[in-house]
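Report on the following structure.
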Amino acid sequence: VRTLTGHSSYVFAVAFSPDSQYIASGSGDRTLRLWSASDGTQVRTLSGHSNYVPAVAFSPDSKYIASGSDDGTLRLWSA
């Protein structure tokens, strides 16, 4: 069991990439974080939303992450 730490607020959404390499998390700190599924290290922080991020999904090929925020926007990121 691993505990992934880094967000400064509640985590609202979590998704595993279809290729099982990454985990994405969306939080009340208005960020999306990308983690290595194999060892739990944080790969990067994706910033840009102006409100919390309750929706996260990977594309079927694991190349992109879509995030939906309470700021009314949907963002598409390269994984």
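FYI, in the numbering used here the residues of the sequence shown are 1 to 79.
For each residue, glycine too, the CB sits at the ideal point set by N, CA and C.
Three-state secondary structure (DSSP) of residue i
| i | result |
| --- | --- |
| Ser8 | coil |
| Val14 | strand |
For residue i, the first and last residue of its enclosing beta strand (DSSP E)
| i | result |
| --- | --- |
| Arg75 | Leu74 to Ser78 |
| Ser67 | Tyr64 to Gly68 |
Buried/exposed call for residue i, threshold 16 Cβ in 10 Å
| i | result |
| --- | --- |
| Ser50 | exposed |
Integer-rounded CB distance, given that residue j should sit under 8 Å from residue i
| i | j | result |
| --- | --- | --- |
| Ala52 | Ser78 | A small fix is needed here, since residue 52 is Tyr in this sequence, not Ala. With 8 Å as the limit, Tyr52 and Ser78 do not qualify as a contact, their Cβ atoms being about 22 Å apart. |
Task: Any beta strand (DSSP E) of 3 or more consecutive residues that is wholly inside the segment 18-59 - done: 22-27, 31-36, 42-47 and 55-58
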